[in-house]
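Contents: one structure, followed by commentary.
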Amino acid sequence: MVRTEPIDKWVRGRLAGEVVVESREPLLVWQGAFPPVYAFRRDEVAEEVLSPAEPPVRDGFSFFAPQAPVAQWYDVTAGDVVLRAAAWTLADDAVDDRVVLTWEPGLLAWTEEDEPVTGHPRDPHKRVEALPSSRHVEVAVDGVRLASSDRPVLLFETDLPTRFYLPPDDVRLDLLERTDNVSFCPYKGRADGYWSWPGPPALANVAWSYSSPAPAVGAVAGRVAFYNELVDLTVDGVRLERPESPFSSREQRPGADA
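Right, dumping it as structure tokens:
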């Protein structure tokens, strides 16, 4: 079973610069505990964009794949560009007359109103807030101090641990190894700076940064955050327990296998 909720955002998806789907009243669809997707009426999809397709062959889990049974797959076409099996209809009575198009980064370009959004639609029940603070924050791994700061920005995000974004001058970047990993968040934007701890034990892409975050969290720009789930955090002299979150699982962390 899926859960649905109408929303009045103006949503557009583009392929090769061409608007292939547009709605001012898309339907949000939750598949279990996963973030929402949009399901569109057929008349909200441009003509000749969808053509029936065979199910794709996938090796293992994909965050951007359907998380509920699929009734029909579709290729998505704009001009000479064809995305194979990039849209689908879910086999659920609540949405079986609507179509879902992929949000996998690098395929369709999505906007909510006029702001680009990547990864998945923003959940209207989720809160993201970035607040400057004067708390004293220390980050360590196996007794090695990686950061110490009295000027963090705390990022509060529903269902996730509080993240502490620190000025790069307060982080021992010389002890970390820069990587070419990138990731995308609908609420924060494109994380284009990543660092690994060489170990032992090695922690791939344990820290990250947004050079140009989404306007709502602009205060974290250029700052460095660490996975609370993997490092030892001390805040105002109190050692924090390592939290459990989806990112506690290695396969859920962007670039963890790099």
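Residue numbering for the sequence shown follows the UniProt record's numbering, starting at 1 and increasing by one per position. Note that CB positions come from ideal geometry on N, CA and C, so glycine has one too.
Query raised in the report: Would a C-beta distance cut-off of 8 angstroms place Val153 and Ser133 closer than the cut-off?
Result: Here residue 153 corresponds to residue number 153 of the sequence shown, with the count starting at 1. Here residue 133 corresponds to residue number 133 of the sequence shown, with the count starting at 1. The answer is yes: Cβ separation under 8 angstroms.
Query raised in the report: Would you say Thr4 and Val95 are within 8 angstroms of each other, going by their C-beta atoms?
Result: As a position in the sequence shown, residue 4 is number 4, starting the count at 1. As a position in the sequence shown, residue 95 is number 95, starting the count at 1. Yes, the pair counts as a contact, with Cβ atoms nearer than the cut-off.
Requested in this report: Identify, in the order they occur along the chain, each residue of the same chain with its Cβ nearer than 8 angstroms to the Cβ of Thr102, setting aside the five sequence neighbours on each side.
Outcome: Taking the first residue of the sequence shown as position 1, residue 102 is located at position 102. Counting only Cβ-Cβ distances below 8 angstroms, and skipping sequence neighbours, we find Phe64, Val76, Leu83, Ala86, Ala87 and Leu108.
Query raised in the report: With a Cβ-Cβ cutoff of 8 angstroms, do Val128 and Val235 count as a contact?
Result: For the purposes of this step, residue 128 is taken as residue 128 along the sequence shown, with counting starting at 1. For the purposes of this step, residue 235 is taken as residue 235 along the sequence shown, with counting starting at 1. Their beta carbons are not under 8 angstroms apart, which means Val128 does not touch Val235 by this criterion.
Query - Rounded C-alpha distance that separates Asp93 from Leu240 - result: Position 93 of the sequence shown, counting from 1, holds the residue named residue 93. Position 240 of the sequence shown, counting from 1, holds the residue named residue 240. If I take the Cα positions, the gap works out to 45 angstroms.
Query raised in the report: To which residues of the same chain is Arg242 closer than 6 angstroms at the C-beta, ignoring the five residues directly before and after it?
Result: Position 242 of the sequence shown holds residue 242. Same-chain partners within the cutoff: Glu229.
Query raised in the report: Shortest alpha-carbon distance to Ile7 belongs to which of Phe40, Tyr74, Arg145 and Phe34?
Result: Within the sequence shown, numbered from 1, the residue matching residue 7 stands at position 7. For Ile7, the nearest C-alpha among the options comes from Phe40.
Requested in this report: Could you tell me if Asp80 is buried or exposed, where buried requires 16 or more neighbouring beta carbons within 10 angstroms of its beta carbon?
Outcome: Counting from one through the sequence shown, the residue named residue 80 turns up at place 80. Exposed, since its Cβ has fewer than 16 Cβ neighbours within 10 Å.
Query raised in the report: At which residues does the beta strand (DSSP E) containing Ala140 begin and terminate?
Result: What you label residue 140 is simply residue 140 of the sequence shown in a count that begins at 1. Where Ala140 is concerned, the enclosing beta strand (DSSP E) stretches over Val137 to Val141.
Query raised in the report: In whole angstroms, what is the alpha-carbon distance linking Gly193 and Asp180?
Result: Here the question's residue 193 lines up with position 193 in the sequence shown. Here the question's residue 180 lines up with position 180 in the sequence shown. Each residue's alpha carbon lies about 7 angstroms from the other.
Query - Counted within 10 angstroms of its Cβ, other Cβ atoms place Leu176 as buried (16 or more) or exposed - result: In the sequence shown, residue 176 corresponds to position 176, counting from 1. Buried, since its Cβ has 16 or more Cβ neighbours within 10 Å.
**Report entry** Buried or exposed (CB count within 10 angstroms, at least 16 for buried), Glu44
**Finding:** Your numbering for residue 44 matches position 44 in the sequence shown. Classification of Glu44: buried, given that the 10 Å Cβ count is 16 or more.
Report task. For Gly106, count neighbouring C-beta atoms within 10 Å of its own C-beta (all shown protein chains included) and say buried if the count is 16 or more, exposed if not. Result -> Locating residue 106 in the sequence shown gives position 106, where the first residue counts as 1. Answer is exposed; the Cβ neighbour count stays below 16.
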